[in-house]
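Chains A and B supply the protein sequences, listed in that same order. Residue numbers for the first sequence follow the numbering used here, so the first one is 11 and each next one is one higher. Residue numbers for the second sequence follow the numbering used here, so the first one is 4 and each next one is one higher. All residues carry an ideal CB built from backbone N, CA and C; glycine is no exception. Given the structure is predicted, the values throughout are model-derived calculations rather than measurements.
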Amino acid sequence: MIHLKELESLLYRLITAPSGVAEGLAAERELVAGGLDAIVLGDERLSAEARVDIYANMYFYRILDVLKEDFPATLAVLGADNFHNLTTGYLLEHPPVEPSISHCGRYLASYLRDHPMREGAPFIADLAKLERAVVEVFQRADAAALEPDSLRAIAPADWPAMKFKLNSSAQMLALDWRVSELLRAVEEERPWKPAEQGAVKVLVWRRDARVFYRDLEKAEADALDAISRGATFAEICDVVAADAGIEDPVAAMNRMLARWLSDSLLARG
Amino acid sequence: MKRTDFPMLGYGVGLRRQHYSHVLETRPKVDWFEVISENFMVAGGRALEVLEGVRANYPIAMHGVSMSIGSTDPLNRSYLQQLSDLARRFEPAWISDHLCWTGVGGRNLHDLLPLPYTEEAIGHVVARIRNVQDELERPILIENVSSYMAFADSTMTEWEFISAIANEADCGILLDINNIFVSAFNHRFDANEYIDAVPAERVVQYHLAGHSDHGTYLLDTHDHPVRDEVWTLYERAARRFGAVSALVEWDDNIPEFAELAQTADRARAVFDTTTPKAKHDSPKRTGKPALPADYRA
């Protein structure tokens, strides 16, 4: 009799064997003395191996389907066959450990960073990083948005020392490739072009249960960084004024503030 | 526990993302919804907003896929805490999961794997169910899974196994009629015998779903209408168990909501015609949730 722990461990190894149950079984010959038939019942319709193989297929294809849904642009760029092979290797290095399957793509971007598939698409890791951020922002904690009226009520003398708080769902990504347009094209089912190289910060945020993303100009990225660090309004204005590309810092600050409010990017403190 | 400890919710539908807007905007006439617990174990966002809206108008039950009650890994305390928090917030009529294991060694297969039907497995699972029930401060329901493999070491039938566990752990049974049919075909047992053998007082809920025929085996795909043979089995269950809350599951090739609601209506009609004496027990569609007396809406 095989004890429950041994049985579960054996089946886990067979189900997740990268080249299939048959190959996985070959590596278990010493452990499975009587063969798989001594453990799993087969019959004339389905052998023991074929039965375990059903689970192996379900394991792989269930996760592949989730990754395809979460990384549609990565899939479009690599193509279905490459994405399939990518998933095989990825699951070996990062097998799921969380109860929710929605976490299974958490490490795909970092896995792609050193992957040979980058040769044909050097932007692919950044693209996957943006796609993963979209998934994560969708389910991050809610925060009540700061209303414009509450700002109007603040006395002018209090503005310099005032601090803002970024909506907790927002993420700012530092990328080396401009991948936003590529992702947007795939989402809108338009033809896509390879991303261009260039350092860029991308803001990903949620408003009314929808996720948005856009590339940031340097001044706005610096201002949002300052907010994240807990800077006062006066310090944020200094950051914007120090940007060489900004001719009228006051007007720029006003534009940014108006946009942050309409995007629900600022949260009540 | 006994079935009457739980409310009879009527005939419901599994809440799926494709129908969120429809359900919130039109408040369709179904008695209740079952939600996949893990889909709502998130910090925030649309899923929780939707569940707030649904819960305001319907009773719900929480159905999990990752408790892994049969795993030899330690129980995942963080998972149980999240489940407990979710239950406190949304007050489901009950919490259910599957009689299976989903992973081992800290890894998750995201699948529902069968256990060997042995005394060792019974002892292991019973202790864990008791532990979970203590943590959640309520009895849970365990569901029979569809399976494609059975084990040489098994010393009893599946229905003896689930019955022993439910009795010893003092938990309820979520009887998936389609899963019985699928497993009966795959392992050549008599589905009727299964229905006739499980302890009636512990059957709190049914699942009804479709499956795929792969020739040498049936696969529990939840992507087809409920097959006629499964309806026949449901009739047998209805005759034996009386009024039990029933739920239509559909997870792939998901049709318009109306088709799911019609399937739930058919489950009601089958029950009403199969067991005319118990007709009064079957809640009628009123557009309002069929809330039990002790249910805090």
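- Starting from Ala66(A) and walking both ways along the alpha helix (DSSP H), at which residues does that stretch end? Ala58 to Asp80
- Message: I want to see whether chain B comes within less than 8 Å of Glu108(A), judged by CB atoms only; does it?
- Response: yes
- Item | Under 8 Å by beta carbon: chain A residues contacting Met152(B) | Val50, Leu51, Ala58, Arg61, Val62, Ile64 and Tyr65
- Query: How about Ala124(B): is its C-beta nearer than 8 Å to some C-beta of chain A?
  - Reply: yes
- Could you name the residues of chain A that Ala155(B) contacts, counting a contact when the two beta carbons are closer than 8 Å? Asp47, Ala48, Ile49, Val50 and Leu51
- Would you tell me roughly how many angstroms separate the C-alpha atoms of Asp216(B) and Glu54(A), rounded to the nearest one? 17 Å
- Task: Taking Val38(B) and Leu54(B) to be in contact with their CB atoms under 8 Å, please state how far apart those CB atoms are, rounded to whole angstroms.
- Result: 6 Å
- Which of the residues in the segment 129-160 of chain A, read from start to end, lie with their CB under 7 Å from any CB of chain B? Phe148, Gln149, Arg150, Ala151 and Asp152
- Look up Lys228(A) in the DSSP assignment and give the residues it is bridged to. DSSP lists no partner for Lys228(A).
- Message: Tell me the rounded alpha-carbon separation between Arg116(A) and Ala143(A).
- Response: 9 Å
- Query: With a cut-off of 8 Å, does the C-beta of Leu112(B) fall near any C-beta of chain A?
  - Reply: yes
- Item | Straight-line Cα distance separating Val147(A) from Ser74(B) | 32 Å
- Task: For the beta strand (DSSP E) containing Gln208(B), list its first residue and its last residue.
- Result: Val206 to Leu211
- Item | Length-filtered (4 minimum) alpha helix (DSSP H) runs lying within the segment 203-252 of chain A | 228-238 and 243-251
- Apply the 10 Å Cβ neighbour rule to Tyr120(B) and answer buried if 16 or more other Cβ atoms are within range, or exposed otherwise. buried
- Exposed or buried, which one is Lys5(B) when buried takes at least 16 other CB atoms within 10 Å? exposed
- Message: Three Cβ pairs or more, each shorter than 8 Å: is that satisfied between the segment 9-17 of chain B and the segment 72-91 of chain A?
- Response: no
- Using DSSP with H/G/I as helix, E/B as strand and the rest coil, what is Leu12(B)? coil
- Task: Have a look at Arg269(A) and Val145(A) and give me their C-alpha separation to the nearest angstrom.
- Result: 23 Å
- With Val135(B) and Met70(B) assumed to form a contact (beta carbons below 8 Å), what rounded beta-carbon distance in angstroms separates them? 7 Å
- Message: Could you tell me the alpha carbon to alpha carbon distance between Asn111(B) and Leu12(B), rounded to whole angstroms?
- Response: 32 Å
- Residues in the segment 16-47 of chain A having any Cβ partner in chain B nearer than 8 Å: Leu17, Glu18, Ser19, Leu21, Tyr22, Ile25, Thr26 and Asp47
- Query: Taking just the CA atoms, how far does Leu102(A) sit from His113(B)?
  - Reply: 15 Å
- Report the three-state DSSP secondary structure of Phe133(A) (helix, strand or coil). coil
- Item | Backbone CA spacing between Asn181(B) and Ala231(A) [nearest angstrom] | 55 Å
- Query: For Ser71(B), which three-state DSSP category applies?
  - Reply: coil
- Query: Comparing alpha-carbon positions, which option in Asp235(A), Gly255(A), Ala37(A) and Leu176(A) lies nearest Trp215(A)?
  - Reply: Leu176(A)
- Which listed residue (Arg239(B), Asn79(B), Ala261(B) and Arg58(B)) has its alpha carbon closest to that of Ala198(B): A small correction: the amino acid at residue 198(B) is Ile; Ala does not occupy that position in the sequence shown. Minimum Cα distance to Ile198(B) is reached at Arg239(B).
- Task: For chain B, find out if any of its Cβ atoms is closer than 8 Å to the Cβ of Pro126(A); answer yes or no.
- Result: no
- Report yes if the C-beta distance between Tyr220(B) and Tyr65(A) is below 8 Å; otherwise report no. no
- Query: Which residues, taken in chain order from the segment 42-71 of chain B, show a beta carbon closer than 9 Å to some beta carbon of chain A?
  - Reply: Asn42, Met44, Val45, Ala46, Gly47, Gly48, Arg49, Ala50, Leu51, Glu52, Val53, Gly67, Val68, Ser69, Met70 and Ser71
- Message: Taking 8 Å as the limit between beta carbons, can you name the residues of its chain near Gly240(A), skipping five residues before and five after?
- Response: Lys173
- Message: Quick check: is the beta carbon of His227(B) nearer than 8 Å to any beta carbon in chain A?
- Response: no
- Query: Among Leu96(A), Glu257(A), Arg278(A) and Glu38(A), which one has its Cα closest to the Cα of Asp159(A)?
  - Reply: Arg278(A)
- Item | Glu37(B), enclosing beta strand (DSSP E) - first and last residue | Phe36 to Ile39
- Message: Using a Cβ distance threshold of 8 Å, determine whether the segment 198-206 of chain A contacts the segment 126-136 of chain A, with at least three qualifying pairs required.
- Response: yes
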